[in-house]
Amino acid sequence: MFFLNYIFFFNVLIIFSGIMVLNTPNPVQSILFLILCFIFCSFLFVILGADFLSILILIVYVGAISILFLFVVMMLNIRLLEIYIDFFRYLPIGLFSDFGFFLVNSIVV
8 MFFLNYIFFF
18 NVLIIFSGIM
28 VLNTPNPVQS
38 ILFLILCFIF
48 CSFLFVILGA
58 DFLSILILIV
68 YVGAISILFL
78 FVVMMLNIRL
88 LEIYIDFFRY
98 LPIGLFSDFG
108 FFLVNSIVV
């Protein structure tokens, strides 16, 4: 029972950090939450007994890919106001194409 409490706790932390990746307006903070999500996944694999997979996630995803994303985002210096303006400008086109894909998918399936 104690073992399941740890699994549940880390699952809640993984879901919370995943939601924060999507809801954070700052891209740098979003990548930091992504790194936190990978670290929690690594802890979960340690609890489940997959130590090699845990170390592999830390080295490959956190050590290489996430840090690369972090450096790229920090060097791009993204302007958030321009992103929000462009988002609302292209919103009708995006909704129309999403509805079209949904319609085609529902007809095919």
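Following our numbering, the numbering of the sequence shown begins with 8 at its first residue and continues without gaps. Yeah, the Cβ is synthetic: ideal placement off N, Cα and C, and Gly gets one too.
Inset, instruction - Taking only beta-carbon positions, decide if Gly56 is within less than 8 Å of chain B. - result: Absent here is chain B; the protein component of the structure consists of one chain.
Legend entry - Same chain only: Cβ atoms within 8 Å of Thr31, ignoring 5 sequence neighbours per side: Same-chain partners within the cutoff: Ser37, Phe40.
Legend entry - Meets three-Cβ-pair contact criterion under 8 Å: the segment 44–57 and the segment 15–25: Contact between the segment 44–57 and the segment 15–25 is established, with three or more Cβ pairs separated by less than 8 Å.
Inset, instruction - Can you tell me the Cβ-Cβ gap for Phe17 and Phe50, rounded? I've got them flagged as a contact below 8 Å. - result: At roughly 6 Å, the Cβ-Cβ gap stays under 8 Å, so Phe17 and Phe50 are in contact.
Inset, instruction - Pull up the distance between the alpha-carbon of Leu11 and that of Leu55, whole angstroms please. - result: Within the model, the alpha-carbon separation for Leu11 versus Leu55 is close to 10 Å.
Inset, instruction - From the DSSP output, in three-state form, read off Ala71 for me. - result: Ala71: helix per DSSP, three-state reduction.
Legend entry - Helix, strand or coil at Pro32 [DSSP, three-state]: Pro32 falls in the coil class under three-state DSSP.
Legend entry - Endpoints, the alpha helix (DSSP H) within which Leu65 is located: No alpha helix (DSSP H) holds Leu65; DSSP gives it neither H nor E.
Legend entry - Residue nearest to Val79 in terms of C-alpha spacing, selected from Leu102, Val35, Ser104, Val69: Considering only alpha carbons, the answer is Val35.
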